[in-house]
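Chemist:
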Amino acid sequence: MNNIKSENELKFYYTVHTSLDVVEEKIQSVGSKSTNDMRELYLGLLYPTEDYKVYGYVTNTKIKFVIVVESSSNISLRDNEIRSMFKKLHSAYVDMVCNPFYVPGEQITSV
Amino acid sequence: MADEVLFDFLHMEIVNHVCNTVQKDEKDYSLAKLEALGFRVGQSIVERITKDLPRFKDELDVMKFVCKDFWTVVYKKQVDNLRTNHQGVYVLQDNKFRLLTHMANGKQYMDSAPKVNFKFRFRNCDPQTEELQ
Numbered sequence: 001m002n003n004i005k006s007e008n009e010l011k012f013y014y015t016v017h018t019s020l021d022v023v024e025e026k027i028q029s030v031g032s033k034s035t036n037d038m039r040e041l042y043l044g045l046l047y048p049t050e051d052y053k054v055y056g057y058v059t060n061t062k063i064k065f066v067i068v069v070e071s072s073s074n075i076s077l078r079d080n081e082i083r084s085m086f087k088k089l090h091s092a093y094v095d096m097v098c099n100p101f102y103v104p105g106e107q108i109t110s111v
Numbered sequence: 112m113a114d115e116v117l118f119d120f121l122h123m124e125i126v127n128h129v130c131n132t133v134q135k136d137e138k139d140y141s142l143a144k145l146e147a148l149g150f151r152v153g154q155s156i157v158e159r160i161t162k163d164l165p166r167f168k169d170e171l172d173v174m175k176f177v178c179k180d181f182w183t184v185v186y187k188k189q190v191d192n193l194r195t196n197h198q199g200v201y202v203l204q205d206n207k208f209r210l211l212t213h214m215a216n217g218k219q220y221m222d223s224a225p226k227v228n229f230k231f232r233f234r235n236c237d238p239q240t241e242e243l244q
């Protein structure tokens, strides 16, 4: 949640929290359909709003990552770019969990 | 291999240290402390080895992962036998459990046995299980 102005903070929290419902839906469909393409950790575009696009990713340990991208900007990101972004985020998270000083569940801040 | 021996000694010393530092009347506390230690270590390991695996379909898929991949990483072998009653109870049987095979098998320290690993607690919990592998 870096680079957020404080007046927008609540809005971002709202966006991220509502996206968790979509994440939940997508995960439940994995068990029932058992299609191969849904077994990827990356969930794809969750939903687009007027200003933002929300992408989701859930690890095997049920840790959820959500990336919110401004959609009004001219830069349109490809799916693969988002995917590699999540992979990097996941790697960073794994390194963080393996840090003995980190207590799981606590807030992670980047420099 | 040398690093395996190092791990074994470290593991033994940690168990020894935790058991000796708690008071005599707090026996459960030493178990809880060891369990918390193990949980934290396991959490890190699992987070790392599930990183590039496809999503698990169901509970059975998770158990298969524990028996095959996880056991191979931690204990250098697979689980010998996995049983379930299809109601959420799983029994894992390892006939050559690595942390126990180096120990003398006398009965002197039988009451300390759960301190080595909690796995053996739920071994006899349900005899009505059906073999999977």
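Those protein sequence lines, which keep their order, are chains A and B.
For the first sequence, position 76 matches number 76 in our numbering, and the numbering has no gaps at all.
Count along the second sequence from 1, then add 111; that gives the number in our numbering.
Every residue, glycine too, gets a C-beta built ideally from N, C-alpha and C.
Along chain B, which residues have their Cβ under 7 Å away from the Cβ of A:Asn117?
Modeler: In this structure chain A extends from 1 to 111, so residue 117 of chain A is not present and cannot be described.
Chemist: Please classify B:Thr161 as buried or exposed, where buried requires at least 16 other C-beta atoms within 10 Å of its C-beta.
Modeler: Looking up residue 161 of chain B in the second sequence gives position 50. B:Thr161 is buried by the Cβ-count criterion.
Chemist: If I follow the unbroken alpha helix (DSSP H) through B:Val184, where does it start and stop?
Modeler: For the purposes of this step, residue 184 of chain B is taken as residue 73 along the second sequence, with counting starting at 1. First-last of the alpha helix (DSSP H) with B:Val184: Trp182 to Tyr186.
Chemist: Look at A:Val58 and A:Leu43 and say whether their C-beta atoms are less than 8 Å apart.
Modeler: Counting from 1 along the first sequence, the entry for residue 58 of chain A is found at position 58. Counting from 1 along the first sequence, the entry for residue 43 of chain A is found at position 43. Yes. Within cutoff.
Chemist: Inspect the CB distances between the stretch 198 to 205 of chain B and the stretch 168 to 183 of chain B and report whether three or more fall short of 8 Å.
Modeler: With the cut-off at 8 Å, the stretch 198 to 205 of chain B and the stretch 168 to 183 of chain B touch.
Chemist: Quick check: is the beta carbon of A:Val97 nearer than 8 Å to any beta carbon in chain B?
Modeler: Sequence index remark: in the first sequence, residue 97 of chain A carries index 97 (1-based). Yes, its Cβ sits closer than 8 Å to a Cβ of chain B.
Chemist: Starting from A:Ile82, follow the alpha helix (DSSP H) in both directions and report where the run begins and ends.
Modeler: Position 82 of the first sequence, counted from the start, is the residue given in the question as residue 82 of chain A. From DSSP, the alpha helix (DSSP H) with A:Ile82 extends over Asp79 to Val97.
Chemist: Expressed to the nearest angstrom, what Euclidean distance is found between the alpha-carbon atoms of A:Asp21 and B:Gln134?
Modeler: Along the first sequence, one-based indexing puts residue 21 of chain A at 21. Along the second sequence, one-based indexing puts residue 134 of chain B at 23. C-alpha separation (whole angstroms): 48 Å.
Chemist: May I ask which residues mark the beginning and end of the alpha helix (DSSP H) holding B:Arg209?
Modeler: Taking the first residue of the second sequence as position 1, residue 209 of chain B is located at position 98. First-last of the alpha helix (DSSP H) with B:Arg209: Arg209 to Thr212.
Chemist: Would you kindly report the start and end of the unbroken beta strand (DSSP E) that includes A:Phe101?
Modeler: Counting from one through the first sequence, the residue named residue 101 of chain A turns up at place 101. Element bounds for A:Phe101: n/a, residue is neither H nor E.
Chemist: Determine, for A:Arg78, whether the minimum Cβ-Cβ distance to residues of chain B falls below 8 Å.
Modeler: As a position in the first sequence, residue 78 of chain A is number 78, starting the count at 1. It does not; no Cβ of chain B falls within 8 Å.
Chemist: Residues of the stretch 83 to 95 of chain A in Cβ contact with chain B at a cutoff of 8 Å, in chain order, please.
Modeler: Flagged, chain order: His90, Ser91, Tyr93 and Val94.
Chemist: Applying the 10 Å Cβ sphere with the 16-neighbour rule, what's the burial state of A:Gly56?
Modeler: Sequence index remark: in the first sequence, residue 56 of chain A carries index 56 (1-based). Buried: at least 16 other Cβ atoms inside 10 Å.
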